[in-house]
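Comments concern the structure below.
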Amino acid sequence: MARITVLKRNRQDCRGFSILILMVFVCAVSATACEAQQPGGKEQTPKKYRGVLGSDSKKIRKEDGKTFLWAGGGSPTSPDARWYDFTGAPILAAELQFGIGKDRIRAIDDPAFVSADDPRLLKLRPSPYRRDERPKTNDEIMVIGHVYEDQARAYPVALLDHHELVNDKIGDKALTVGW
Amino acid sequence: MVHGRETKGQVDQFGVSGYVYKNTFLIFDRKTESLWYPLDDTKWTAVSGSRKGETIPFIAKPPVVTLGESRNRHPNTVVLLGSKSRIEAEHRRPK
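Structure follows, in structure tokens:
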């Protein structure tokens, strides 16, 4: 009798245990699925992005099978509004973030370069993301560098953080520099 | 990130579209206002507009260094100060 009770208890334990195993398995499978959705598959959990538009955003306009994205020049409901044609894009409009308007962050189109000793470099507006970084000498300024045909150029991180993009040209090579 | 700006012999100026996808900016070309996105690490691809499907190649991903380090490696380094027209406008402004 005692043995049967033990067996019964074991069976109950077993059931609990199998449910646990099943849960672990389900978790593992869904984690793998999430991972598979992430490009590169490095992220373990799906990332939450800030400022996602969502499908009912006024910044998305669908008309005659075409999709347009608000680009600025007046609110999305105003006749002055400008729109990007986003028809057929491999990205879902609803999954885009922010939409602050075209050129609200102004790329640098006519870059001016100075010698690495120029004192004006120390007076650049600090990066909004690294306000505590205040270089005391030019050599402490954080930059990314690019060399093309022996011409070395450095792009201060503070400028890239404010402008995001530089339309540059080294010799006859037209480049964009950004994050 | 450093990318080219030339497709089919034509040089583009790019601007910041105001949209972001998975925390990366979409840019636009000033001529056609097509939107471009780095669908993979090797290029920007026009995802919509009249240029859809065209690509501009990835060139380099330089690390963030100090200007001192950059200068040690390349003594002739010149440094970006900003937009030429904006610097000149600030210079003209009465103090």
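For the protein sequence lines, the chains are A and B, in the order given. If you count the first sequence from 1, position 121 lands on 121 in the working numbering, and the numbers rise without skipping. If you count the second sequence from 1, position 68 lands on 1068 in the working numbering, and the numbers rise without skipping. Here a beta-carbon is modelled for each residue, glycine too, at the ideal position from N, C-alpha and C. None of the values given here were measured: they were computed from a predicted structure.
Beta strand (DSSP E) runs contained entirely in the stretch 68–102 of chain A, provided each spans 3 or more residues = 82–85
Supposed close pair residue 1011 of chain B, residue 154 of chain A - CB separation, criterion 8 Å = In fact, because the Cβ distance is near 23 Å, the residues do not count as touching under 8 Å.
Proximity below 7 Å, CB of residue 156 of chain A to CB of residue 122 of chain A = no
Could you work out which residues of chain B lie near residue 81 of chain A, taking near to mean beta carbons separated by less than 9 Å?
-> By Cβ distance, chain B contributes nothing, its closest Cβ being about 13 Å from residue 81 of chain A, past 9 Å.
Whose C-beta lies closer than 8 Å to the C-beta of residue 1020 of chain B among residues of the same chain, with five residues either side of it excluded?
-> Excluding the 5 residues flanking it on each side, residue 1020 of chain B has same chain C-beta neighbours closer than 8 Å at 1026, in chain order.
Buried or exposed by the 16-neighbour rule on C-beta atoms within 10 Å, applied to residue 102 of chain A = buried
Just confirm the distance between the C-beta atoms of residue 94 of chain A and residue 167 of chain A, as a whole number of angstroms; I'd bet it's less than 8 Å.
-> Not a contact, Cβ separation roughly 30 Å.
Under 8 Å by Cβ, that's how I've got residue 1018 of chain B and residue 74 of chain A pegged, so tell me the actual separation to the nearest angstrom.
-> Contact between residue 1018 of chain B and residue 74 of chain A does not hold, since the beta-carbon distance rounds to 14 Å and is not under 8 Å.
Mark residue 165 of chain A as exposed unless 16 or more other C-beta atoms lie within 10 angstroms of its C-beta, in which case mark it buried.
-> Under this definition residue 165 of chain A is a buried residue.
Proximity test, Cβ basis, 7 Å: residue 1071 of chain B and chain A = Cβ-Cβ to chain A under 7 Å: yes for residue 1071 of chain B.
Determine the DSSP secondary structure at residue 1003 of chain B, reduced to helix, strand or coil.
-> When DSSP states are grouped into helix, strand and coil, residue 1003 of chain B belongs to the strand group.
If residue 1048 of chain B and residue 86 of chain A are in contact, beta carbons under 8 Å, what's the gap, nearest whole angstrom?
-> 5 Å
Backbone secondary structure at residue 123 of chain A - three-state DSSP = helix
Helix, strand or coil: how does DSSP classify residue 47 of chain A here?
-> coil
Which of helix, strand or coil DSSP assigns to residue 154 of chain A | Here residue 154 of chain A sits in strand by DSSP.
Alpha carbon to alpha carbon, what distance is there between residue 128 of chain A and residue 161 of chain A?
-> 7 Å
Is residue 60 of chain A helix, strand or coil when you go by DSSP?
-> strand
Counting only beta-carbon atoms, is residue 1031 of chain B nearer than 7 Å to chain A?
-> no
In whole angstroms, what is the alpha-carbon distance linking residue 1083 of chain B and residue 110 of chain A?
-> So the alpha carbons of these two residues sit roughly 5 Å apart.
Mind listing the chain A neighbours of residue 1003 of chain B? Cutoff is C-beta to C-beta under 9 Å, in chain order.
-> 175, 176, 177 and 178
Take residue 1040 of chain B and list the residues in its own chain whose beta-carbon comes closer than 8 Å to its own, dropping the five residues that flank it on each side.
-> none
Span of the alpha helix (DSSP H) around residue 1056 of chain B = Segment 1055–1060 is the beta strand (DSSP E) holding residue 1056 of chain B; no alpha helix (DSSP H) there.
Hey, out of A:71, A:48 and A:152, whose CA is closest to residue 104 of chain A's CA?
-> Considering only alpha carbons, the answer is A:71.
Quick one: what's got a C-beta closer than 6 Å to residue 1073 of chain B's C-beta in the same chain, skipping five residues either side?
-> Result list for residue 1073 of chain B: empty, nothing under 6 Å.
Pull up the CB-CB distance for residue 1015 of chain B and residue 1057 of chain B, whole angstroms please, since I reckon it's below 8 Å.
-> Contact flag wrong, Cβ pair sits at about 19 Å.
Sorted by chain position, which residues of the same chain lie with C-beta nearer than 7 Å to residue 33 of chain A's C-beta, five sequence neighbours on each side aside?
-> Low local confidence applies: a pLDDT of 49 at residue 33 of chain A is under 50, so the model's placement there is unreliable, with the coordinate-based value given in what follows. The answer is none, since no qualifying residue turns up.
Would you call the CB atoms of residue 1066 of chain B and residue 133 of chain A closer than 7 Å?
-> No, Cβ-Cβ distance for residue 1066 of chain B and residue 133 of chain A is not below 7 Å.
Taking just the CA atoms, how far does residue 50 of chain A sit from residue 83 of chain A?
-> 22 Å
Taking 7 Å as the CB-CB cut-off, is residue 977 of chain B touching chain A?
-> Outside the shown range of chain B, which is 1001 to 1095, sits residue 977 of chain B, and nothing can be said about it.
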